[in-house]
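In the working numbering, the protein residues as written are 34 to 329.
A virtual CB, placed ideally from N, CA and C, is assigned to each residue, including glycine.
Worksheet: the structure to be examined is printed underneath.
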């Protein structure tokens with residue numbers, strides 16, 4: 034029992050959770066109830082320290098350098114710090130920031146120049162508005178991404194890479210899975226005018242048919258321009274900086290310099306076969322985990 038308890042504590046610690054969050058997770062998911070004092074004692078006994086016993090700086094630098102050769106060259110120091118924690122490294126943010134200044138000075142300078150002034154978003158509460166949109170920057174290469182985010186909490190309900198994002202049945206399947214997962218539908222769904230959202234619109238109308246508020250029935254789905262769908266555009270910006278730019282550059286290089294991609298169906302099918310699952314499992318999910326840990 035003691036070993037199982039410490040294993041769970043270590044897993045939550047490596048996810049970057051605070052002591053309070055670890056106690057809540059142990060109680061909610063594992064049925065383990067202990068005091069904060071006992072938790073600190075177990076963490077000290079197991080060598081789980083936040084400000085000492087850091088890993089060898091050489092090992093950390095090698096990991097960072099290896100990631101910089103892939104999509105890691107898009108990450109800032111906060112994102113890299115969380116990625117290191119998720120990989121089991123004990124290191125502080127300042128050390129990571131200093132390493133990036135040495136290993137990737139050009140990337141640091143580029144990220145500094147890309148600072149944007151954020152628009153203000155006003156949300157009433159969780160599950161009030163769900164924002165649905167498709168990310169088409171990889172679509173010319175056969176990779177289509179669709180996502181949905183809760184406007185108030187920024188909780189990502191789904192983000193899926195597939196061979197298409199234009200099939201209403203596919204998007205409806207994502208929506209049904211999300212509704213089952215959270216145990217209900219939102220008050221409003223916001224999407225663009227594309228035909229891929231028509232099935233979601235009809236289901237939302239049905240689910241909200243008996244509502245008594247001003248957004249009930251056929252007022253529960255709101256159309257708008259994709260570029261004005263502010264909340265999910267924020268997530269697409271994160272995804273592009275931390276993941277998609279790497280793949281856009283790679284596929285563009287294959288097309289423009291190597292002559293290995295001409296935009297035909299066969300070439301798209303080859304990219305889907307080789308990279309679709311990798312993009313979904315290793316990169317989008319990794320970006321999503323870091324996003325949730327940093328911004329929520």
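query = DSSP on residue 198, reduced to helix/strand/coil?
reply = coil
ask   = Taking the alpha helix (DSSP H) that residue 300 falls in, what are its first and last residues?
value = 298–311
request  = Please name the residue or residues paired with residue 183 in a DSSP beta bridge.
outcome  = 163
query = Under a Cβ-count criterion, where at least 16 other Cβ atoms within 10 Å of its own Cβ denotes burial, should residue 138 be classed as buried or exposed?
reply = exposed
ask   = Under three-state DSSP, which class holds residue 229?
value = helix
Contacts around residue 293, its chain only, beta-carbon distance under 7 Å, and the 5 residues preceding and following it disregarded = 287
inquiry  = By alpha-carbon positions, which one of 183, 187, 199 ends up nearest to residue 167?
reply    = 199
message = Contact between the segment 177–194 and the segment 294–313 is defined here as three or more beta-carbon pairs at a separation below 8 Å; is this criterion met?
response = Judged by Cβ distances under 8 Å, the segment 177–194 makes contact with the segment 294–313, as three or more pairs qualify.
ask   = In this structure, does DSSP put residue 82 in helix, strand or coil?
value = coil
ask   = Is the segment 299–309 close to the segment 174–182, with three or more CB pairs under 8 Å?
value = yes
task = On a CA-only basis, which of 185, 227, 143, 82 is nearest residue 204? Give me that one, please.
result = Of the listed residues, the one whose Cα sits closest to residue 204 is 227.
ask   = How would you write the range of the alpha helix (DSSP H) that residue 270 sits in, first residue to last?
value = 263–272
query = What number of angstroms, rounded off, separates the C-alpha of residue 248 from the C-alpha of residue 52?
reply = Taking the straight line joining both Cα atoms gives about 40 Å.
request  = Have a look at residue 189 and residue 251 and give me their C-alpha separation to the nearest angstrom.
outcome  = 25 Å
task = Rank 46, 264, 267, 220 by C-alpha distance to the C-alpha of residue 81 and give the top, closest one.
result = 46
inquiry  = Spatial neighbours of residue 220 within its chain, please: C-beta separation below 8 Å, excluding the five flanking residues on both sides.
reply    = The answer, listed in chain order, is 160, 161, 162, 241, 244, 246, 248, 253.
query = Can residue 96 and residue 120 be called in contact, C-beta distance under 8 Å?
reply = Yes, the pair counts as a contact, with Cβ atoms nearer than the cut-off.
ask   = Would the beta-carbon of residue 19 fall within 8 Å of that of residue 42?
value = This structure leaves residue 19 out entirely; the chain is present only between 34 and 329.
message = Checking 8 Å against the spacing of the C-beta atoms, do residue 124 and residue 91 come in under that value?
response = no
request  = For residue 178, write down the residues that DSSP places opposite it in a beta bridge.
outcome  = 168, 194
inquiry  = For residue 144 and residue 65, I'd like the C-alpha separation in whole angstroms.
reply    = 43 Å
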